[in-house]
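*Asks:* Numbering of the sequence shown is given in our numbering, commencing with residue -7 and proceeding in unit increments.
Ideal Cβ placement from N, Cα and C applies to all residues, glycine included.
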Amino acid sequence: MTFSDFIFNGKLGDLSVGGTTYGKTNLDLVQEEDGDIPGLYEVLNEEQYFQVSTIKNTIVGITFDFEYDTEKSYPIHYQENNYRIGFNTAYADFVAFLETSHIDFKSTTEEGNHTIFISESKLNLLFYNNLYKASVFDLDLYNTLTKNK
């Protein structure tokens, strides 16, 4: 798994939203599922911890928190364009990378917070001064799975 796979495809190795947790031995339970509150697992991937949210053993979200290691950056690439992403990534610089790479995205700003939504991977990147979180979460899948709870 590379950060490029996560950022541009919304996948973490063999884990992806809509997939199952059955047979996955690399997931460490952090919090049991409770009604409509998703279960939370932690997975170590290439020496980095990601959080995986589940309902009924179905993955509804994957999150990476850049605040865990504010000095580290990760190489990403899209076609021939390369970039390093991390806590110190500036919003404007990352937008410029996406535009140069011709990646379809939407951007919103509210009270100094910036959100970038990458259309293909359905991944949100959250900025407050710096990049602090990347997450993909399927609200429609979550609603479907919790409808009969």
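1. Can the beta-carbon of Leu57 be found less than 8 Å from the beta-carbon of Lys125?
2. Would you kindly report the start and end of the unbroken beta strand (DSSP E) that includes Ile(-1)?
3. With which residues is Asn74 paired in a DSSP beta bridge?
4. From the DSSP output, which residues share a beta bridge with Gly31?
5. From the DSSP output, read off the bridge partner residues of Tyr41.
6. Bridge partners of Ala82, per DSSP?
7. On the three-state DSSP scale, how would you describe Asp20?
8. Would you call the region 32 to 40 in contact with the region 101 to 121, where contact means no fewer than 3 C-beta pairs closer than 8 Å?
9. According to the neighbour-count rule (16 or more other Cβ atoms, all chains shown, within 10 Å of its Cβ), is Leu131 buried or exposed?
10. Could you round the C-beta distance between Ile68 and Phe119 to whole angstroms and report it? I think they count as a contact, below 8 Å.
11. Is it the case that the Cβ atoms of Asn73 and Thr92 are separated by a distance below 8 Å?
12. Do Leu133 and Val52 have their beta-carbon atoms positioned less than 8 Å apart in this structure?
*Replies:* Taking the structure as given:
1. Walking along the sequence shown from the start, residue 57 turns up at place 65. Walking along the sequence shown from the start, residue 125 turns up at place 133. It should be pointed out that residue 57 corresponds to Asp in this sequence rather than to Leu. In contact: Asp57 and Lys125 (Cβ atoms closer than 8 Å).
2. On the sequence shown, position 7 is the one that residue -1 refers to. Where Ile(-1) is concerned, there is no enclosing beta strand (DSSP E), although the alpha helix (DSSP H) it sits in stretches over Phe(-5) to Asn1.
3. In the sequence shown, the residue the question calls residue 74 occupies position 82. DSSP lists His69 as partners of Asn74.
4. Position 39 of the sequence shown, counted from the first residue, corresponds to residue 31. The partner list for Gly31 (beta bridge, DSSP) reads Thr46.
5. Translated into the one-based positions of the sequence shown, residue 41 becomes position 49. Note: Tyr41 sits in a beta bridge opposite Leu36.
6. Start at 1 with the first residue of the sequence shown, and residue 82 comes out as number 90. BP columns for Ala82 are empty, so no partner.
7. Counted from its first residue, the sequence shown places residue 20 at position 28. Three-state result, Asp20: strand.
8. no
9. As a position in the sequence shown, residue 131 is number 139, starting the count at 1. Exposed, because fewer than 16 other Cβ atoms sit within 10 Å of the Cβ of Leu131.
10. Translated into positions along the sequence shown, residue 68 becomes position 76. Translated into positions along the sequence shown, residue 119 becomes position 127. Their Cβ separation, rounded to whole angstroms, is 16 Å, which puts Ile68 and Phe119 out of contact at 8 Å.
11. Numbered from its first residue, the sequence shown carries residue 73 at position 81. Numbered from its first residue, the sequence shown carries residue 92 at position 100. Against a cut-off of 8 Å, the Cβ pair of Thr92 and Asn73 comes out as a contact.
12. What you label residue 52 is simply residue 60 of the sequence shown in a count that begins at 1. What you label residue 133 is simply residue 141 of the sequence shown in a count that begins at 1. Yes, the Cβ-Cβ distance between Val52 and Leu133 is below 8 Å.
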